[in-house]
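FYI, in my numbering the residues of the sequence shown are 15 to 379.
Report on the following structure.
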Amino acid sequence: MDRKKHILVLATGKNVAPAPVETAIMMSPYVSAAVLIGDGRKYVTCLLSPALAELRSVAEKLNLPPDQPEAWVAHPAIRSLVAKEVEQRIRGFAPFEQPKRALLLADEWSVEAGELTPSLKVRNKVILNKYRRQIDAMYEGVDFIPLQSDVSHADAPASSDSASPMNSSGPTGPVAEVNQNSASRASVRNPHIGRYLAVCLLAILAGGGLAALGSPKLPKQLDILGMVKGIRDNNQKISHENGQIVSSLEHIDQLANSTTTMAAQLQSLSNEVVNDKSMLGNLKHLSQQEVNLSQQFLTLAHQLNRDMSSLAQSSADQSIGIGSMNAAASGISSTLGQVVDVNRQTSADLQTADGKTRIIADEMP
């Protein structure tokens, strides 16, 4: 289901919006991500992805192996520290919204492993499928970190030494002090609850007796029904405010998605503007080349015009020369005709002279 629309419906009928609680838990410097669980369950629990960079400094102070997160999250002091951090940050929520158990994982969720989206949001389905066995074991009481009033749940097995390393005997020094503080908080909580229930029971019985006697209205301190009604009204107000927070988160998420979409569109427009600018530069370069070519064509046209004029002038001069040559040829032809006539006349005269010479030769003795 989409995380924006995800609401946990407990087996008790209560509706829990996980996003505000998860956000509050992630305010701890030791938690990088959190996922609330409880759909169809009697109470809420949570998965915690550690902030390994912050836990590393704690592990160094505890002399734990530097590159073994599995050993870190199993150490009682670190589990107690994380439990305290979570408890402090969920105090402002309604009791049914507060997780009663936590599972501190050794892996810090990442985008590369497919556990987070590119915008660093938890992929809820992936996480629930990946850690399904650990979640079932947590509800069965096999391994978990108890939070708040975990012992008040009759359906939840009591935490044993193997289930909660915080309750086991540990080393002395700072670690023992942390565990002792955690144990003292748990031991103080139960007597107060018992006293409170006893006072409530006595007040109810006293209120019933006074009502039967027709006595005046109970004092405000003993008006348990009024107190219960006030608590119910406060819970309704808290639920309403949580609903408003969920709506605000959904709106913020929508704005974030819109911002991402707008950023992608702006980037696309920027790329198109860059491409258009490059194309305009190319067009400008081509236009300059076209202008240069036009100038070259104009120069060639002028040169061709001059050449054509020279050719026309040469053709005119050639026509005059040809006319003169034709006239000279006509004169030569006429002269040749005269020479031919003279040659013919000369040949006739030579033949006549030759005949006369022969006659004279014959007449001589």
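Where a beta carbon is used, it is the ideal one built from N, C-alpha and C, also for glycine.
1. According to DSSP, Ala47 sits in a beta bridge with which residue or residues?
2. Report the residue from Val136, Asn285, Ile159 and Arg146 whose alpha carbon sits nearest the alpha carbon of Lys114.
3. Between Tyr145 and Thr59, is the Cβ-Cβ spacing less than 8 Å?
4. If you count every other CB in all the chains shown that lies within 10 Å of the CB of Ala197, and 16 or more means buried, which is it?
5. With distance defined between alpha-carbon atoms, name the residue in Ser333, Leu134, Gln148 and Glu101 nearest to Ser42.
6. So what's Asn248 in DSSP terms, helix, strand or just coil?
7. Exposed or buried, what is Phe93 when buried is set at 16 or more other beta-carbons lying within 10 Å of its beta-carbon?
8. Any idea what DSSP makes of Val305, helix, strand or coil?
9. Specify the secondary structure class of Asn29 as computed by DSSP and reduced to three states.
10. Since Ala97 contacts Ala116 with CB under 8 Å, what's their CB separation in whole angstroms?
11. Is the stretch 125-145 close to the stretch 72-85, with three or more CB pairs under 8 Å?
12. For the stretch 67-77 against the stretch 126-142, are there 3 or more C-beta pairs whose distance is under 8 Å?
13. Using DSSP with H/G/I as helix, E/B as strand and the rest coil, what is Ile159?
14. Rounded to whole angstroms, what's the CA-CA distance from Arg209 to Gly52? Just pull it up for me.
15. Could you give the DSSP three-state label for Met322: helix, strand or coil?
16. Please report the distance separating the alpha-carbon of Leu307 from that of Gly345.
17. Applying the criterion that 16 or more other CB atoms from any shown protein chain within 10 Å of the CB defines a buried residue, is Glu304 buried or exposed?
18. My guess is that Pro32 and Leu50 are in contact by the Cβ rule of under 8 Å, so how many angstroms apart are they, rounded?
19. Mapping DSSP to helix, strand and coil, what is Arg372?
20. Under 8 Å by Cβ, that's how I've got Ala120 and Val87 pegged, so tell me the actual separation to the nearest angstrom.
21. Output the distance between the C-alpha atoms of Ser122 and Leu263, rounded to the nearest integer angstrom.
22. Measure from the C-beta of Ala97 to each C-beta in chain B and report whether the shortest distance is under 8 Å.
23. Classify Leu294 as buried or exposed, calling it buried when 16 or more other Cβ atoms lie within 10 Å of its own Cβ.
24. If we ignore side chains and look at the alpha-carbon of each, how far apart do Gln302 and Ser328 end up?
25. Can the beta-carbon of Leu24 be found less than 8 Å from the beta-carbon of Arg55?
26. Just curious, the alpha helix (DSSP H) that Ala91 is in, first and last residue?
27. Quick check on DSSP: helix, strand or coil for Ala108?
28. Report the three-state DSSP secondary structure of Leu117 (helix, strand or coil).
29. Name the DSSP beta bridge partners of Val140, please?
30. I need the straight-line Cα distance from Leu312 to Leu318, nearest angstrom please.
31. Distance, Cα to Cα, Met276 vs Glu36?
32. What whole-angstrom Cβ distance do Ile104 and Ile149 have, given they're in contact under 8 Å?
33. For Pro171, count the other beta carbons within 10 Å of its own beta carbon; 16 or more makes it buried, fewer makes it exposed. Which is it?
34. When we look at the beta-carbon of Val353 and count the other beta-carbons within 10 Å, is it buried (16 or more) or exposed?
35. Is Leu130 helix, strand or coil when you go by DSSP?
Reading from the atomic positions:
1. BP columns for Ala47 point to Ser63.
2. Ranking the options by Cα distance to Lys114, first place goes to Ile159.
3. no
4. Because the pLDDT at Ala197 is just 40, under 50, the model does not fix this residue reliably, and the point stays unresolved.
5. Glu101
6. Under the three-state reduction of DSSP, Asn248 is assigned to helix.
7. Per the sequence shown, the amino acid found at residue 93 is Arg instead of Phe. The residue is buried, with at least 16 neighbouring Cβ atoms inside 10 Å.
8. helix
9. strand
10. About 7 Å separates the CB atoms of Ala97 and Ala116; that is less than 8 Å, so the two are in contact.
11. no
12. Verdict: no, contact absent.
13. strand
14. Below a pLDDT of 50, predicted positions are generally treated as unreliable, and Arg209, at 47, falls in that range; the measurement from the model is reported next regardless. Between the alpha carbons of Arg209 and Gly52 lies a gap of roughly 30 Å.
15. Note: Met322 maps to helix in three-state DSSP.
16. 56 Å
17. exposed
18. Under the criterion of beta carbons closer than 8 Å, Pro32 and Leu50 qualify as touching, at roughly 4 Å.
19. helix
20. 5 Å
21. As written in the sequence, residue 122 is Glu, which differs from the Ser given in the question. Going by the C-alpha atoms only, they are around 24 Å apart.
22. The question asks about chain B, but that chain is absent: this structure has only one protein chain.
23. exposed
24. 39 Å
25. yes
26. Pro90 to Arg103
27. coil
28. strand
29. According to DSSP, which records beta bridges pairwise, Val140 is partnered with nothing at all.
30. 10 Å
31. 28 Å
32. That pair is no contact at about 19 Å.
33. Any reading at Pro171 must be qualified, since the residue scores a pLDDT of 42, below 50, and its modelled position is unreliable; the value itself is stated next. Exposed, by the Cβ-count rule.
34. exposed
35. strand
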